[in-house]
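All remarks here apply to the structure that follows.
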Amino acid sequence: MSPRLFLFGLWCLLLLLASAAANYYAWSPFADGSRSGSSAIYGPTHK
Amino acid sequence: MTAARVIDCPNCGGSIALKAAGYSITVACRYCGSELDVANPDVRLVTEYHRAMAASDLPLGARGTVGGTEWEVIGWLERSDDEARWSEYLLFNPYAGYRWLIHADGEWSLGTMLTSEPVAAGGDSVEHDGHRFEREYDPVSTRTDAVVGEFYWRVKAGDVVEATVFSNGGASLSWERGPDEVNWTQLDALPGGSAVRDAFVAPGEPPAGPAEAPRTPGQFGRKGASASRPRQPAPELAPLRQASDAEDLGKLTGMAIGTSFLLVILGLVFGGSGSAVEQRLTVYAGQPAQTVTLATLTLKRPYQAVTVTARSDGFVNKWVDLDYSLVDRRTQRSIDAYGLMEYYAGRDSDGPWTEGSHARTTKFAGVPAGTYDLMVDASAQNWSNPVTYGSAWGSTPSSADGGESEPIALRFRVKPGGVFVGNMLLFVLLTFAPIGIWIARKLHGAGGYRS
Chain A
26 MSPRLFLFGL
36 WCLLLLLASA
46 AANYYAWSPF
56 ADGSRSGSSA
66 IYGPTHK
Chain B
83 MTAARVIDCP
93 NCGGSIALKA
103 AGYSITVACR
113 YCGSELDVAN
123 PDVRLVTEYH
133 RAMAASDLPL
143 GARGTVGGTE
153 WEVIGWLERS
163 DDEARWSEYL
173 LFNPYAGYRW
183 LIHADGEWSL
193 GTMLTSEPVA
203 AGGDSVEHDG
213 HRFEREYDPV
223 STRTDAVVGE
233 FYWRVKAGDV
243 VEATVFSNGG
253 ASLSWERGPD
263 EVNWTQLDAL
273 PGGSAVRDAF
283 VAPGEPPAGP
293 AEAPRTPGQF
303 GRKGASASRP
313 RQPAPELAPL
323 RQASDAEDLG
333 KLTGMAIGTS
343 FLLVILGLVF
353 GGSGSAVEQR
363 LTVYAGQPAQ
373 TVTLATLTLK
383 RPYQAVTVTA
393 RSDGFVNKWV
403 DLDYSLVDRR
413 TQRSIDAYGL
423 MEYYAGRDSD
433 GPWTEGSHAR
443 TTKFAGVPAG
453 TYDLMVDASA
463 QNWSNPVTYG
473 SAWGSTPSSA
483 DGGESEPIAL
493 RFRVKPGGVF
503 VGNMLLFVLL
513 TFAPIGIWIA
523 RKLHGAGGYR
533 S
């Protein structure tokens, strides 16, 4: 196995561990928790 | 291992450290470039060195690119058995280590020393890295006839080892057993014939390719070749480099796909949820907010998500503010979240348009175990700004804009757990990012020393 493949394997393993931790703690930067409605923008925005 | 030794260059007086003192025949002074005979200062020995190297296709210090890596020839062995004679060049790169370049009967191959020993697979076969190799012939005595250069182990002319080759039709494994150890080397054939020899440029020869910017002295760590003469891989060897990169790219992509699959599985497994609770609520546009308890949830896992999906039917040009509070019954601590459901429609010079949705999913993340009351503070408002909207964009709100007290029926579905698709996409993106960066660097030719 070349160093390139080895390092990429480590990277994949790191991501899997990070993902497992994020899933265990139910963490997500995309969650809606703590968002406030006071900053919401109302009305159509497509134009 | 050999002992280090420091000598003084008789030409310029500079101090030179020999890494393989006692076995290095020549060394180039890093200060003045003089080639010194470090085995014996006698001129006769230099002549013998040149005589020995006359049988070699590649002089010491020659540099060339094979398999995408630039190598320097630091050692040469001439070896033979009862039937054949061949050359083995020891290649060195400070970042990639050592390789063997074997030249026999006009054919070239690249040898990589194996760090793990293949395992016996029954009969005359071995298995390595998932591939099975069959022995081609019984071990024969192989003799080292000439030794020139630096080596990382003790070697001298007259050394004899037992050797054979295992093959699987494509790659080969060389097996050698000496008095003290067994060595395995993977051999990969190099197509191109004389192109391999031409890929290596000896010190003093003009570079094969177009001129490049001078390389910083000392970048390669050895003085054998001039630092101001960078090498280009021979055109005939370009496919070798591309083939190696393509092979690695295939493996990297396979690993990335496998990792992505596992990432999705992880997300789905951890996102598994309990039973859902449904609740209904009716709000009126322009009226004060209504607060109700949607559900009582008992969360048993240490941490989990909570998903709330709100749906409605056909309201137009209104928005509904949904302020959720997940209140821990034990601590009265509240976790808040916000959801906005909005739907607009109208007509302008391009024709009718709509925007928004009658459904909104809101997710809580990292909710600790406990019993919670989920409450919602819901209010609806009409969107109405015909003057500004009409003058600015030339359109008008739809006729459904009225109805200050029009009821909006909301249906809520509360579910412990939740799958964060954004997390999955983020991790998958990070998985493929190194491959994308690598490809981009290849396309833009920004490879540095090792592209």
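Chains as they are written, first to last, in the working numbering: chain A, 26 to 72; chain B, 83 to 533. Note that the Cβ used here is the ideal one computed from N, Cα and C, for glycine as well. Values in this document were obtained by computation on a predicted structure and should not be read as measured data.
Where residue i meets chain B, residues with beta-carbon distance less than 7 Å
i	result
residue 51(A)	385, 386, 387, 447, 448, 449
Distance, residue j Cα to residue i Cα
i	j	result
residue 512(B)	residue 338(B)	10 Å
residue 164(B)	residue 266(B)	21 Å
residue 376(B)	residue 58(A)	17 Å
residue 241(B)	residue 219(B)	21 Å
residue 184(B)	residue 155(B)	12 Å
residue 364(B)	residue 382(B)	31 Å
residue 371(B)	residue 526(B)	58 Å
residue 36(A)	residue 344(B)	14 Å
residue 226(B)	residue 516(B)	44 Å
residue 273(B)	residue 327(B)	16 Å
residue 359(B)	residue 492(B)	14 Å
residue 38(B)	residue 433(B)	Lying before the first or after the last residue shown, residue 38(B) is absent from chain B, which here runs from 83 to 533.
residue 175(B)	residue 151(B)	8 Å
residue 249(B)	residue 200(B)	12 Å
residue 216(B)	residue 258(B)	15 Å
residue 452(B)	residue 413(B)	10 Å
residue 428(B)	residue 437(B)	9 Å
residue 380(B)	residue 454(B)	6 Å
residue 188(B)	residue 180(B)	22 Å
residue 465(B)	residue 68(A)	6 Å
residue 460(B)	residue 336(B)	48 Å
Where residue i meets chain A, residues with beta-carbon distance less than 8 Å
i	result
residue 504(B)	53, 54, 55
residue 173(B)	Within 8 Å Cβ-Cβ: nothing; residue 173(B) doesn't reach chain A, min ~16 Å.
residue 333(B)	30
residue 348(B)	41, 44, 45, 48
residue 397(B)	Neighbours of residue 397(B) on chain A: none; closest Cβ ~14 Å, over 8 Å.
residue 345(B)	40, 41, 44
residue 69(B)	Shown here, chain B extends from 83 to 533; a query on residue 69(B) therefore has no answer.
residue 444(B)	57
Chain-ordered chain A contacts of residue i [CB-CB under 7 Å]
i	result
residue 337(B)	33, 34, 37
residue 417(B)	58
Any chain A beta carbon closer than 9 Å to residue i
i	result
residue 516(B)	yes
residue 148(B)	no
residue 485(B)	Since pLDDT at residue 485(B) reaches only 47, below the 50 mark, its modelled position is unreliable, and the value read off the structure follows with that caveat. No, residue 485(B) does not count as interfacial toward chain A.
residue 566(B)	Outside the shown range of chain B, which is 83 to 533, sits residue 566(B), and nothing can be said about it.
residue 376(B)	no
residue 452(B)	no
residue 420(B)	yes
residue 512(B)	yes
residue 164(B)	no
residue 424(B)	yes
residue 496(B)	no
residue 531(B)	At residue 531(B), the pLDDT of 36 sits below 50, so the modelled position is not reliable; the number obtained from the coordinates is stated separately. No - not a single Cβ of chain A is within 9 Å of the one on residue 531(B).
residue 330(B)	yes
residue 341(B)	yes
residue 268(B)	no
residue 351(B)	yes
residue 251(B)	no
residue 500(B)	yes
residue 428(B)	yes
DSSP beta-bridge partners of residue i
i	result
residue 464(B)	400(B)
residue 210(B)	213(B)
residue 454(B)	379(B), 410(B)
residue 489(B)	366(B)
residue 90(B)	97(B)
residue 138(B)	Partner(s): none; residue 138(B) has no beta bridge.
residue 235(B)	Paired residue(s): none; residue 235(B) is not in a bridge.
residue 175(B)	179(B)
residue 497(B)	389(B)
residue 446(B)	388(B)
residue 265(B)	258(B)
residue 165(B)	Paired residues: none, contrary to the question.
Interface residues of chain A facing residue i [CB-CB closer than 9 Å]
i	result
residue 509(B)	40, 41, 43, 44, 47
residue 180(B)	Correct list: empty, because the minimum Cβ distance to chain A is about 14 Å.
residue 465(B)	67, 68, 69
Cutoff 9 Å: residue i Cβ touching any chain B Cβ
i	result
residue 27(A)	yes
For a minimum of 3 consecutive residues, which ranges assigned as the beta strand (DSSP E) are wholly contained in the segment 414-439 of chain B? 416-430, 433-438
task: Note down, one range per segment and in chain order, each beta strand (DSSP E) of at least 3 residues found wholly within the segment 335-396 of chain B.
output: 359-366, 372-394
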